[in-house]
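Beneath this line is the structure, given in structure tokens, with notes to follow.
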Amino acid sequence: MERWRQEGAPTHYTRGVPERDTPSLRAEQVLQTKAALIAAGRRLFGSRGFAATSVEDLAKEARVTTGALYHHFRTKTALFETVFVEVHGELLAASASAAEGSSDLLEVLAAGFEAFLDAVMKPEVQRIVVTDAPAVLGLDRFTELDERDAFVEIAFVLQAANDAGQLDVKEPEILGRLLLGALTRGATLIASSAHPSRTRKAVGRTIRELLFGLQRK
14 MERWRQEGAP
24 THYTRGVPER
34 DTPSLRAEQV
44 LQTKAALIAA
54 GRRLFGSRGF
64 AATSVEDLAK
74 EARVTTGALY
84 HHFRTKTALF
94 ETVFVEVHGE
104 LLAASASAAE
114 GSSDLLEVLA
124 AGFEAFLDAV
134 MKPEVQRIVV
144 TDAPAVLGLD
154 RFTELDERDA
164 FVEIAFVLQA
174 ANDAGQLDVK
184 EPEILGRLLL
194 GALTRGATLI
204 ASSAHPSRTR
214 KAVGRTIREL
224 LFGLQRK
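For any residue, its number in the working numbering is found by taking its place in the sequence shown, counting from 1, and adding 13.
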């Protein structure tokens, strides 16, 4: 009998019971509910905007109760922030992908900036990232999230270009933040323009002129 009682050995009573470290059905349901809420938030915030979307709308779209929503997100703003981070992360990934393969450091930045501006042409991205995020999250929190990952990459490339002699800039980190600010303002101009495609081209061209105008002569 003792050999069947060794730790981990299956018995008549334990055979077929999931291991302790196997995620339970409850845990999977919790993850699925949270994912459904984020997806619902993305659809409704992206199509209607934050102000026009109620907690009840979000719960109905996700097919959960409002209680389940509040279990995962303390407020509607908390859900919006999670959606913003997801969309913003996709923008960064698209920018990084667009920059791959270039051996010119300034072209790496330019390609990433172009990818960001292209993404801003999408109504969902405009509404979540450009129009609503600064007002919903507050300028300080919006800036913190906007710079959290993007700034590090931009500053790194600017410093590398400076070290390689491509740029003549005394404060690469300051320049990085200014370029991010220009991109954010450019995105706002595109979102509010009566001719977004034309404005998109003008913004991209101007930011490129600004960047390459700093090349070492």
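Even for Gly, the Cβ is constructed at its ideal location relative to N, Cα and C. These numbers were taken from a predicted model, which means no experiment stands behind them.
Between F169 and the set L122, L105 and S115, the nearest pair of CA atoms involves L122.
In the three-state DSSP reduction, L227 falls in the coil class, being neither helix nor strand. Taking 8 Å as the cut-off, the Cβ atoms of V142 and F97 count as close. DSSP links L180 through a beta bridge to Q228. Only residues of its own chain outside the window of five on either side were considered, and among them R229 have a CB closer than 8 Å to the CB of G178, listed in chain order.
Of the residues D153, A64, T46 and E157, the one whose Cα lies closest to the Cα of T78 is T46. Between F63 and V149, the CB-CB gap stays under 8 Å. The beta carbon of R56 lies closer than 7 Å to those of E74 in the same chain, with the five residues before and after it left out. For A109, the CB contacts under 8 Å within the same chain, skipping 5 residues up- and downstream, are G125 and E166 in chain order. Annotation for E127: A111 and G217 place their beta carbon closer than 7 Å to its own, counting only its chain and skipping 5 residues before and after. With respect to the 8 Å criterion, L130 and R213 are classified as neighbours on the basis of their beta carbons.
One alpha carbon belongs to R190, the other to G102, and they sit about 18 Å apart.
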